[in-house]
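Residue numbers (our numbering): 3 to 249.
Note that the Cβ used here is the ideal one computed from N, Cα and C, for glycine as well.
First the structure, in the form of structure tokens, and then the observations on it.
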Amino acid sequence: KRFLAWDGLPTQVPTKDKRYIWVDTTARWRIVDPLKFLQTVGNERTALGRLDDIIDSATRNQITSHILYELVRDSEREFVETELSIQVEEIIGKVKYGREKISRAILKEASEGVPRFGIELIDVRIKRLNYVEQVRQGVYSRMIAERKRVAEQYRSEGQGGKAEIEGRKEKELQRITSESYKEAQEIQGKADAEATGIYAQVYNKDPEFYSFLKTLETYKSTLDEDTTLILTSDSDFYKYLKSLSPR
Numbered sequence: 003k004r005f006l007a008w009d010g011l012p013t014q015v016p017t018k019d020k021r022y023i024w025v026d027t028t029a030r031w032r033i034v035d036p037l038k039f040l041q042t043v044g045n046e047r048t049a050l051g052r053l054d055d056i057i058d059s060a061t062r063n064q065i066t067s068h069i070l071y072e073l074v075r076d077s078e079r080e081f082v083e084t085e086l087s088i089q090v091e092e093i094i095g096k097v098k099y100g101r102e103k104i105s106r107a108i109l110k111e112a113s114e115g116v117p118r119f120g121i122e123l124i125d126v127r128i129k130r131l132n133y134v135e136q137v138r139q140g141v142y143s144r145m146i147a148e149r150k151r152v153a154e155q156y157r158s159e160g161q162g163g164k165a166e167i168e169g170r171k172e173k174e175l176q177r178i179t180s181e182s183y184k185e186a187q188e189i190q191g192k193a194d195a196e197a198t199g200i201y202a203q204v205y206n207k208d209p210e211f212y213s214f215l216k217t218l219e220t221y222k223s224t225l226d227e228d229t230t231l232i233l234t235s236d237s238d239f240y241k242y243l244k245s246l247s248p249r
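Right under this line is the structure:
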């Protein structure tokens, strides 16, 4: 009635989605019919050889019937990490079976082949999964490429966000510049209107003085220290310049 251990050798098996992996399983068993056991296998060593064939066959049947994703998940929410030396890049979607149910399916299938030896299987566990060496580098390359793609997407989204912010900034700057220009034009217009009003008042009161002011403005806008003028004696320029000269 004591429990005995069975440890299988790691076996290379393809999953349903054609991922070649190493599968390492372990099991517990016991002798329930000593007479039948002695008549059919005789000893524990021979019994372990029979279990090799039965459990390995059941394991292969179940592994090839499920995708890799199902083998590394116990449920929808729990990712199997203990005793798992495999990196899976497609952890997506909803789990239909999960590693625990697949282990039970292996146990059920294998259990059908052991009673004739006076043996009972207690449990079968998938101890370890791993990619075969030939496939590992390809998997890592796909994982790296996927992470680069995600990083590039983040960079692209960042550039898009930057462009959007700069666009809003430029639009706001144009709005402020436009409003400032408009306000400056309004102020300039009011100033010009006030100046025109003052000039009109001066002209109405003293046309001669108005003419003098306009001439001074002309001097200011046209003359500097490097300017040379040639004037006739009867020009307005000459008349006012002469009147300003020291006597």
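query: So, is the C-beta of R30 closer than 9 Å to a C-beta in chain C?; result: In the displayed structure, chain C is absent; only one protein chain is listed.
query: What is the rounded straight-line gap between the Cα of T48 and the Cα of P36?; result: 14 Å
query: Along the chain, where does the beta strand (DSSP E) that runs through R30 open and close?; result: 22-33
query: Please classify A29 as buried or exposed, where buried requires at least 16 other C-beta atoms within 10 Å of its C-beta.; result: buried
query: F119: which of T27, E46, G199 sits nearest, CA to CA?; result: E46
query: Do K38 and E72 count as a contact pair if the criterion is CB distance below 9 Å?; result: no
query: Taking the alpha carbon of R127 as the reference point, which residue from I23, I121, I104 has its own alpha carbon closest?; result: I104
query: Grouping DSSP H, G and I as helix and E and B as strand, with all else coil, what is I124?; result: strand
query: Please state whether DSSP places T1 in a helix, a strand or coil.; result: Here the chain has residues from 3 to 249 only, and residue 1 is not among them.
query: Check whether the region 104-118 and the region 54-68 touch, using three or more Cβ-Cβ pairs below 8 Å as the test.; result: yes
query: Under a three-way DSSP split, which group does T66 fall into?; result: coil
query: On the DSSP bridge assignment, give the partners of V15 in chain order.; result: I23
query: Take the Cβ of T220 as the centre, count every other Cβ of all protein chains shown within 10 Å, and call the residue buried at 16 or more, exposed below.; result: exposed
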